[in-house]
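Going left to right, the sequence shown walks through residues 0 to 217 as the numbering used here numbers them.
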Amino acid sequence: MDTSARRRFLIILIGTLTIAVLLVGVGVYGLIRGPAPATTPDAPAAGTTPVPSRPVPTLPATLAPSTDPVRYAREIADALFAWDTTTGHTRSDYLAALAGEAAPDGEEGNGLVADLNGYYPTVEQWRRLLEYQTRQHLVIDTAVIPDSWPQIVASAGDKLAPGTVAITIRGDLHRSGFWAGETAESVHKVAFTVFVLCPSDGDRCHLLRLSANGTPLE
0 MDTSARRRFL IILIGTLTIA VLLVGVGVYG LIRGPAPATT PDAPAAGTTP
50 VPSRPVPTLP ATLAPSTDPV RYAREIADAL FAWDTTTGHT RSDYLAALAG
100 EAAPDGEEGN GLVADLNGYY PTVEQWRRLL EYQTRQHLVI DTAVIPDSWP
150 QIVASAGDKL APGTVAITIR GDLHRSGFWA GETAESVHKV AFTVFVLCPS
200 DGDRCHLLRL SANGTPLE
């Protein structure tokens, strides 16, 4: 089976998972509306500046090469959700860093960029989040090859490139910023599947595609 057929199969597989594009930007509401009454933090002491509970990388991530699909998928997930609007880097900088993880043949490159666009706030949302000095990071609960994957591989035959692996990630997205002079924080559940290519010849893994948040393979 040629690469175009393999690409079509993976697109179909991703499409069946994407019932609706659930932008991670929905977390904007949780931050911009201010802290909920039940979780309102104590007011900062006079003359002090509140600091978000955990710093995140100040530069777009550079992933270390890996041949372990689960470990690599975890690093992808961490990098995907780790951004800080106050560093001077734009959403395009963060997106480009992960787009650079695409397989070198470029077969899935355009699809991957489209997938990544669904995970980052829009340019306008980014500007609004910058006003609140917003940053975020992911705390991963599980990263596993879904139970359905062996059957999918068996059914696909040569429609999937050898070494293609799906890893489903579940965790909590922590977003923080400032609202009315106080630290505002929100937490959102995430669940999605990372499709990676880890050749059997020992070459490093590369990122193929991402399912939309909320549509993981089980």
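For every residue, glycine included, the Cβ atom is placed at its ideal position computed from N, Cα and C.
Note that the structure is a prediction, hence the values are computed from the model and not measured.
In whole angstroms, give me the CA-to-CA distance for residue 52 and residue 132. In the sequence shown, counting from the first residue as 1, residue 52 sits at position 53. In the sequence shown, counting from the first residue as 1, residue 132 sits at position 133. With a pLDDT of 46 at residue 52, under the threshold of 50, the modelled position of this residue cannot be trusted; read the value that follows with caution. Their Cα atoms are separated by approximately 13 Å.
Quick test of the definition: if touching needs 3 or more C-beta pairs under 8 Å, does the stretch 115-123 touch the stretch 158-167? no
Start-to-end residues for the alpha helix (DSSP H) that takes in residue 95: The residue labelled residue 95 in the question sits at position 96 within the sequence shown. Segment 90-98, the alpha helix (DSSP H) holding residue 95.
Outcome for residue 217 when other beta-carbon atoms lying within 10 angstroms are tallied against a minimum of 16: Position 218 of the sequence shown, counting from 1, holds the residue named residue 217. Exposed, since its Cβ has fewer than 16 Cβ neighbours within 10 Å.
Would you grab the beta carbon distance between residue 206 and residue 101 for me? Rounded to a whole angstrom, and I think it's under 8 Å. One-based indexing of the sequence shown puts residue 206 at position 207. One-based indexing of the sequence shown puts residue 101 at position 102. Right, their Cβ atoms sit about 6 Å apart.
Can you grab the Cα-Cα spacing for the pair residue 175 / residue 104, in whole Å? Here the question's residue 175 lines up with position 176 in the sequence shown. Here the question's residue 104 lines up with position 105 in the sequence shown. Spanning the two alpha carbons is a distance of roughly 38 Å.
Would you mind giving the Cβ-Cβ distance between residue 137 and residue 97, rounded to the nearest angstrom? I have them listed as a contact below 8 Å. Within the sequence shown, the letter at position 138 stands for residue 137. Within the sequence shown, the letter at position 98 stands for residue 97. The pair is not a contact, with the Cβ atoms about 13 Å apart (cut-off 8 Å).
Nearest by alpha-carbon distance to residue 71: which of 186, 142 and 180 is it? For the purposes of this step, residue 71 is identified with residue 72 of the sequence shown, where counting begins at 1. Closest option to residue 71, Cα to Cα, is 142.
Between the stretch 62-69 and the stretch 196-206, do at least 3 Cβ pairs fall closer than 8 Å? Using a C-beta cut-off of 8 Å, the stretch 62-69 makes contact with the stretch 196-206, since at least three inter-stretch Cβ pairs fall below that distance.
Bridge partner(s) assigned by DSSP for residue 193: By one-based count along the sequence shown, residue 193 stands at place 194. In DSSP, residue 193 forms a bridge with 166 and 209.
Assign residue 182 to one of two classes, buried (16 or more other C-beta atoms within 10 Å of its C-beta) or exposed (fewer than that). Stepping through the sequence shown from its first residue, residue 182 is reached at position 183. That one is buried.
Residue from 213, 158 and 130 whose Cα sits closest to the Cα of residue 179: Here the question's residue 179 lines up with position 180 in the sequence shown. Considering only alpha carbons, the answer is 130.
Could you tell me how far apart the beta carbons of residue 126 and residue 83 are, in whole angstroms, since I believe they sit closer than 8 Å? Position 127 of the sequence shown, counted from the start, is the residue given in the question as residue 126. Position 84 of the sequence shown, counted from the start, is the residue given in the question as residue 83. In fact, because the Cβ distance is near 15 Å, the residues do not count as touching under 8 Å.
In whole angstroms, give me the CA-to-CA distance for residue 50 and residue 81. Here residue 50 corresponds to residue number 51 of the sequence shown, with the count starting at 1. Here residue 81 corresponds to residue number 82 of the sequence shown, with the count starting at 1. Residue placement at residue 50 cannot be trusted, given a pLDDT of 42 that sits under 50; what the coordinates show is reported in the next sentence. If you take the alpha carbons of residue 50 and residue 81, they lie about 17 Å apart.
Just the Cα atoms here: how many angstroms apart are residue 158 and residue 61? As a first step, residue 158 is located in the sequence shown; it is residue number 159 there, counting from the start. As a first step, residue 61 is located in the sequence shown; it is residue number 62 there, counting from the start. Going by the C-alpha atoms only, they are around 30 Å apart.
What would DSSP say about residue 201, mapped onto helix, strand or coil? Residue mapping note: residue 201 aligns to position 202 of the sequence shown, counting from 1. Here residue 201 sits in coil by DSSP.
Run through DSSP, which three-state label would residue 139 get? Within the sequence shown, the letter at position 140 stands for residue 139. Here residue 139 sits in strand by DSSP.
What do you reckon, are the CB atoms on residue 162 and residue 196 nearer than 8 Å? Position 163 of the sequence shown, counted from the first residue, corresponds to residue 162. Position 197 of the sequence shown, counted from the first residue, corresponds to residue 196. Contact: yes.
Whole angstroms is fine: what's the gap from residue 89's alpha carbon to residue 128's? Taking the sequence shown and counting its residues from 1, one reaches residue 89 at position 90. Taking the sequence shown and counting its residues from 1, one reaches residue 128 at position 129. So the two alpha carbons sit approximately 11 Å from each other.
Determine which residues share a DSSP beta bridge with residue 182 and list them. Counting from 1 along the sequence shown, the entry for residue 182 is found at position 183. DSSP, once it has assigned bridges, lists 177 as partnering residue 182.
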